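There are 2 protein chains.
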Amino acid sequence: MHTTLEGTAKTVLIGSEVPFVVIGERINPSGKRNLAESLRRGDMSLVRQEALAQANAGAHIIDVNVTAEGVDEEAILPLAVQTVAEAVDIPICIDTADFRALAESLDRCPGTPLVNSVTGEADSLQTVLPLVKERGCAVIGLCVDEDGVPADAGKRLEISQRMIRAAEEIGISKASVIIDPLATTIGADGGAGITTLLAIRAIAEELGVNTTLGGSNISFGLPERSLINRSFLPMLIEAGLTSAIVDPLDVEIRRTIAAADLLLGRDEYAEKFLQRFRNGW
Amino acid sequence: MHTTLEGTAKTVLIGSEVPFVVIGERINPSGKRNLAESLRRGDMSLVRQEALAQANAGAHIIDVNVTAEGVDEEAILPLAVQTVAEAVDIPICIDTADFRALAESLDRCPGTPLVNSVTGEADSLQTVLPLVKERGCAVIGLCVDEDGVPADAGKRLEISQRMIRAAEEIGISKASVIIDPLATTIGADGGAGITTLLAIRAIAEELGVNTTLGGSNISFGLPERSLINRSFLPMLIEAGLTSAIVDPLDVEIRRTIAAADLLLGRDEYAEKFLQRFRNGW
Numbered sequence: 005m006h007t008t009l010e011g012t013a014k015t016v017l018i019g020s021e022v023p024f025v026v027i028g029e030r031i032n033p034s035g036k037r038n039l040a041e042s043l044r045r046g047d048m049s050l051v052r053q054e055a056l057a058q059a060n061a062g063a064h065i066i067d068v069n070v071t072a073e074g075v076d077e078e079a080i081l082p083l084a085v086q087t088v089a090e091a092v093d094i095p096i097c098i099d100t101a102d103f104r105a106l107a108e109s110l111d112r113c114p115g116t117p118l119v120n121s122v123t124g125e126a127d128s129l130q131t132v133l134p135l136v137k138e139r140g141c142a143v144i145g146l147c148v149d150e151d152g153v154p155a156d157a158g159k160r161l162e163i164s165q166r167m168i169r170a171a172e173e174i175g176i177s178k179a180s181v182i183i184d185p186l187a188t189t190i191g192a193d194g195g196a197g198i199t200t201l202l203a204i205r206a207i208a209e210e211l212g213v214n215t216t217l218g219g220s221n222i223s224f225g226l227p228e229r230s231l232i233n234r235s236f237l238p239m240l241i242e243a244g245l246t247s248a249i250v251d252p253l254d255v256e257i258r259r260t261i262a263a264a265d266l267l268l269g270r271d272e273y274a275e276k277f278l279q280r281f282r283n284g285w
Numbered sequence: 005m006h007t008t009l010e011g012t013a014k015t016v017l018i019g020s021e022v023p024f025v026v027i028g029e030r031i032n033p034s035g036k037r038n039l040a041e042s043l044r045r046g047d048m049s050l051v052r053q054e055a056l057a058q059a060n061a062g063a064h065i066i067d068v069n070v071t072a073e074g075v076d077e078e079a080i081l082p083l084a085v086q087t088v089a090e091a092v093d094i095p096i097c098i099d100t101a102d103f104r105a106l107a108e109s110l111d112r113c114p115g116t117p118l119v120n121s122v123t124g125e126a127d128s129l130q131t132v133l134p135l136v137k138e139r140g141c142a143v144i145g146l147c148v149d150e151d152g153v154p155a156d157a158g159k160r161l162e163i164s165q166r167m168i169r170a171a172e173e174i175g176i177s178k179a180s181v182i183i184d185p186l187a188t189t190i191g192a193d194g195g196a197g198i199t200t201l202l203a204i205r206a207i208a209e210e211l212g213v214n215t216t217l218g219g220s221n222i223s224f225g226l227p228e229r230s231l232i233n234r235s236f237l238p239m240l241i242e243a244g245l246t247s248a249i250v251d252p253l254d255v256e257i258r259r260t261i262a263a264a265d266l267l268l269g270r271d272e273y274a275e276k277f278l279q280r281f282r283n284g285w
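Taken in sequence, the protein lines are chains A and B. For the first sequence, the working numbering gives the first residue as 5, with consecutive numbering after it. For the second sequence, the working numbering gives the first residue as 5, with consecutive numbering after it.
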């Protein structure tokens, strides 16, 4: 099953038979003081810079998140989305929990963007999905509901089913729903990795939909986060993950994804791998 | 299911609930002119040095292979095995296709070594397995038979079943048989990685036995072999691989295995991971 997203000039397919899709995570002020400060001032220069840098590094989609203390999301998110759409020609992932900021941003976003996100909570399903349907875009469904993030994979599968059913009921095809099974931190729970892997495998096999994951939460609080993240990625991709929200400027992450695509038969004659190798990744 | 091996002082368990087991590959003259030359002279200094270096780097088992043009295996392999057994206290993996060299080497090897290997060929099963039974050791079963290495995972599973049945018929428990599903090169066959992963998963789930793999054949002929190998390892371990024959002096391989154990819940409170991090891996 393919999810199709469109930027101003580029179309991106997500699916198990095409190369793994990288959603660039860098336009997010969490933990980034400079970006937060510039967003508070309404200054879009860093947003533009990060969009270009990620696209140049091979990101397929750019995530745009402006959530930070003192940032007026309803004014700033649409501006940031418009800035990214003007800077790069690839699809955009609009990342907010603020419904009005989302609606405004969709108005300014060309192509077929990805909405990040709806959850399994009734409120979220009832507000976000009709907007996704109306605008004909795609949506990330987070495996969380009124009871929080389930500790086991089976419950995450259930929430996924519920989100897909709700989408289908209002006419959104399941190809337009990308499930994020979530990963809690391995430092706090030794079973966190296995739970996420089981959830991805179950969602891919039983529901057949695409999946995505924030690539770094698993390592929170530990040293060598990039090592942990890039060791987790091949497992996730092998289990069925078809996209991830990661830092495309981390060369080791890029190299690992190129190797994973090669190893899983998505890079005939190692063509892409060799090309990236020759170009210094 | 646990496979238990013993060195002069250390016991090693292989299994899906214990940390991944590293079999050090460096005592092998293939592609190593100095080692080949010293083996031809019967000089054991490099063998001793490589055994110590690998044990210090955290290898759990030392593979000993002396096969090279001009090396008299029946004389040299037993000497090399004895040298390693005197140098380190961990189990030994005796790696030869020469039956008499194997029998002689087992005579000189203390503890419970691993025999590398038997194949699915009738000749091999009929000669190697009785020796394994008589000496009470364990054996690696290679998924190859009279027709070569099967191109599909199902046939590799069949050969595994045949080898295990032959072992059980003469009283070797299946806990003492470790299957090597083999990996062909991804540069020549884009499906090579998937076939090996499918075979490992099938062998682990349907037969419940331990598995091992030479960690570097997959990348033969390509640049960035260490990158490809260490991106494959997390997939293999997640699919059920419980040991591998790799270079323990490759720090990136060591780091990847530590991260994989952490991610798969075999390192409670990240204790080993943090210890290795503090000790500079």
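Beta carbons are placed, not taken as given, at the ideal position from N, Cα and C, and that holds for glycine. Please read these numbers as outputs of a predicted model, since none were measured by experiment.
task: Give the interface partners of I198 of chain B over in chain A, defined as CB-CB distance under 7 Å, in chain order.
output: As a position in the second sequence, residue 198 of chain B is number 194, starting the count at 1. In chain order: L268 and G269.
query: Counting contacts by CB-CB distance shorter than 8 Å, is A203 of chain A in contact with chain B?
result: What you label residue 203 of chain A is simply residue 199 of the first sequence in a count that begins at 1. No, no contact with chain B.
query: To the nearest angstrom, how far is it from the Cα of V119 of chain A to the Cα of A101 of chain A?
result: Mapped onto the first sequence, residue 119 of chain A falls at position 115. Mapped onto the first sequence, residue 101 of chain A falls at position 97. Distance from the CA atom of V119 of chain A to the CA atom of A101 of chain A, rounded to whole angstroms, is 10 Å.
Bridge partners - N69 of chain A, DSSP secondary structure assignment: On the first sequence, position 65 is the one that residue 69 of chain A refers to. For N69 of chain A, which the question treats as bridged, DSSP gives no partner whatsoever.
query: Can you give the Cα-Cα distance for E150 of chain A and T189 of chain A, rounded to whole angstroms?
result: For the purposes of this step, residue 150 of chain A is taken as residue 146 along the first sequence, with counting starting at 1. For the purposes of this step, residue 189 of chain A is taken as residue 185 along the first sequence, with counting starting at 1. One C-alpha to the other measures close to 20 Å.
- request: Apply the 10 Å Cβ neighbour rule to Q86 of chain A and answer buried if 16 or more other Cβ atoms are within range, or exposed otherwise.
  value: Against the first sequence, residue 86 of chain A aligns to sequence position 82. By the neighbour-count rule (16 or more Cβ atoms within 10 Å), Q86 of chain A is buried.
message: I want to know whether the region 182-200 of chain A touches the region 263-270 of chain B - three or more CB-CB distances under 8 Å.
response: In short, these stretches touch, since the Cβ pair count reaches three.
task: Run down chain A in chain order and give the residues with a C-beta less than 7 Å from the C-beta of L71 of chain B.
output: What you label residue 71 of chain B is simply residue 67 of the second sequence in a count that begins at 1. According to the sequence as given, residue 71 of chain B is Thr; it is not Leu. The premise fails here: T71 of chain B is roughly 28 Å from chain A at the closest Cβ pair, so nothing lies under 7 Å.
Three-way DSSP call (helix, strand, coil) for N283 of chain B in this model: As a working mapping, residue 283 of chain B is identified with position 279 in the second sequence. For N283 of chain B, the three-state secondary structure derived from DSSP is coil.
task: Could you tell me whether any Cβ in chain A is nearer than 8 Å to the Cβ of G244 of chain B?
output: Counting from one through the second sequence, the residue named residue 244 of chain B turns up at place 240. Under the 8 Å criterion on CB atoms, G244 of chain B is classed as non-interfacial with respect to chain A.
- prompt: Out of curiosity, what's the CA-to-CA distance linking D156 of chain B and N221 of chain B?
  reply: Taking the second sequence and counting its residues from 1, one reaches residue 156 of chain B at position 152. Taking the second sequence and counting its residues from 1, one reaches residue 221 of chain B at position 217. Approximately 17 Å between the Cα atoms of the pair.
- prompt: Looking at chain A, which residues of the region 241-265 of chain B have a Cβ within less than 8 Å of any of its Cβ atoms?
  reply: Answer set for the region 241-265 of chain B: I241, E242, A243, R259, T260, A263 and A264.
task: Establish whether the CB of F24 of chain B and some CB of chain A are separated by less than 8 Å.
output: The residue labelled residue 24 of chain B in the question sits at position 20 within the second sequence. With a threshold of 8 Å between beta carbons, F24 of chain B makes no contact with chain A.
Separation of T116 of chain A from T8 of chain A, as counted between CA atoms: As a working mapping, residue 8 of chain A is identified with position 4 in the first sequence. As a working mapping, residue 116 of chain A is identified with position 112 in the first sequence. Near 8 Å, if we compare the C-alpha coordinates of T116 of chain A and T8 of chain A.
- prompt: Taking Cβ-Cβ distances shorter than 8 Å, what residues in chain A pair up with A59 of chain B?
  reply: Position 55 of the second sequence, counted from the start, is the residue given in the question as residue 59 of chain B. Here the premise fails: no neighbours, minimum Cβ distance about 24 Å.
message: Within 10 Å of its beta-carbon, does N69 of chain B have 16 or more other beta-carbons around it, so buried, or fewer, so exposed?
response: As a working note, residue 69 of chain B is residue 65 in the second sequence. N69 of chain B comes out buried.
message: Strictly under 8 Å for the Cβ-Cβ distance: is G191 of chain B near chain A by that measure?
response: Taking the second sequence and counting its residues from 1, one reaches residue 191 of chain B at position 187. In terms of beta-carbon proximity, G191 of chain B lines the interface with chain A, with at least one pair separated by less than 8 Å.
message: Count Cβ pairs between the region 86-96 of chain A and the region 33-46 of chain A that sit closer than 8 Å; are there 3 or more?
response: Because the criterion of three Cβ pairs below 8 Å is not met, the region 86-96 of chain A and the region 33-46 of chain A do not touch.
field: Residue-level contact to chain B via CB, I232 of chain A, 8 Å cutoff
entry: Position 228 of the first sequence, counted from the start, is the residue given in the question as residue 232 of chain A. Chain B, which has a Cβ nearer than 8 Å to the Cβ of I232 of chain A, makes this yes.
message: Could you check whether the Cβ of A157 of chain A sits closer than 8 Å to any Cβ belonging to chain B?
response: Your numbering for residue 157 of chain A matches position 153 in the first sequence. No, its Cβ sits nowhere closer than 8 Å to a Cβ of chain B.
query: Do the region 160-172 of chain A and the region 207-224 of chain A make contact, defined as three or more Cβ pairs closer than 8 Å?
result: Touching, yes, given that three or more Cβ pairs across the two stretches are closer than 8 Å.
message: Using a 10 Å radius around the Cβ and a threshold of 16 neighbouring Cβ atoms, would you call D111 of chain A buried or exposed?
response: Taking the first residue of the first sequence as 1, we reach residue 111 of chain A at position 107. Burial call: exposed.
message: Which of the three DSSP states is assigned to N120 of chain A in this structure?
response: For the purposes of this step, residue 120 of chain A is identified with residue 116 of the first sequence, where counting begins at 1. Note: N120 of chain A maps to strand in three-state DSSP.
- prompt: Looking at N283 of chain A and S247 of chain A, is the spacing between their C-beta atoms short of 8 Å?
  reply: Within the first sequence, the letter at position 243 stands for residue 247 of chain A. Within the first sequence, the letter at position 279 stands for residue 283 of chain A. Cβ distance not < 8 Å, so S247 of chain A and N283 of chain A don't count as in contact.
- prompt: CA-CA distance, E73 of chain A and S34 of chain A?
  reply: On the first sequence, residue 73 of chain A is found 69 positions in, with the first residue counted as 1. On the first sequence, residue 34 of chain A is found 30 positions in, with the first residue counted as 1. Using only the alpha carbons, I get a separation of about 10 Å.
message: Which of the three DSSP states is assigned to N60 of chain A in this structure?
response: Within the first sequence, residue 60 of chain A is the residue found at index 56, counting from 1. N60 of chain A sits in a helix when the DSSP states are folded into three classes.
Proximal chain B residues relative to G219 of chain A, where beta-carbon distance stays under 7 Å: Start at 1 with the first residue of the first sequence, and residue 219 of chain A comes out as number 215. Neighbours of G219 of chain A on chain B: none; closest Cβ ~13 Å, over 7 Å.
- prompt: How many Å lie between D271 of chain B and L231 of chain A at the Cα?
  reply: For the purposes of this step, residue 271 of chain B is identified with residue 267 of the second sequence, where counting begins at 1. For the purposes of this step, residue 231 of chain A is identified with residue 227 of the first sequence, where counting begins at 1. D271 of chain B and L231 of chain A: Cα-Cα distance of roughly 16 Å.
- request: For P227 of chain B, decide whether its Cβ has a neighbour in chain A, counting only Cβ atoms nearer than 8 Å.
  value: In the second sequence, the residue the question calls residue 227 of chain B occupies position 223. By this cut-off, P227 of chain B is an interface position.
task: Please list, in chain order, all residues of the same chain as V136 of chain A whose beta carbon is under 8 Å from its beta carbon, the five residues on each side excluded.
output: As a working note, residue 136 of chain A is residue 132 in the first sequence. Correct list, in chain order: V119, V122, A142, V143, A171, I176 and S180.
task: Would you kindly work out how many angstroms separate the C-alpha atoms of A57 of chain B and A196 of chain B, rounded to a whole number?
output: Against the second sequence, residue 57 of chain B aligns to sequence position 53. Against the second sequence, residue 196 of chain B aligns to sequence position 192. Rounded to whole angstroms, A57 of chain B to A196 of chain B spans 32 Å at the Cα level.
task: Step through the CB atoms of chain A and report whether any lies within less than 8 Å of the CB of M239 of chain B.
output: As a working note, residue 239 of chain B is residue 235 in the second sequence. Chain A contact via Cβ: present.
- request: Could you pull out every residue in the same chain whose Cβ sits closer than 7 Å to the Cβ of M48 of chain A, ignoring the five residues on either side in sequence?
  value: Here residue 48 of chain A refers to the residue found at position 44 when the first sequence is read from its first residue. Cβ contact annotation for M48 of chain A (same chain, cutoff 7 Å, sequence separation greater than five): L83, A84 and T87, in chain order.
query: I198 of chain A by DSSP, collapsed to three states: which one?
result: Here residue 198 of chain A refers to the residue found at position 194 of the first sequence. In the displayed model, I198 of chain A falls within a helix according to three-state DSSP.
field: Partners in chain A for E125 of chain B, counting only beta-carbon separations shorter than 8 Å
entry: Translated into positions along the second sequence, residue 125 of chain B becomes position 121. Listed by position along chain A, the residues whose Cβ is nearer than 8 Å to that of E125 of chain B form an empty set, because the closest Cβ is around 29 Å away.
Contact with chain A by S235 of chain B, beta-carbon distance below 8 Å: Here the question's residue 235 of chain B lines up with position 231 in the second sequence. Yes, S235 of chain B lies at the interface with chain A (some Cβ there is under 8 Å from its Cβ).
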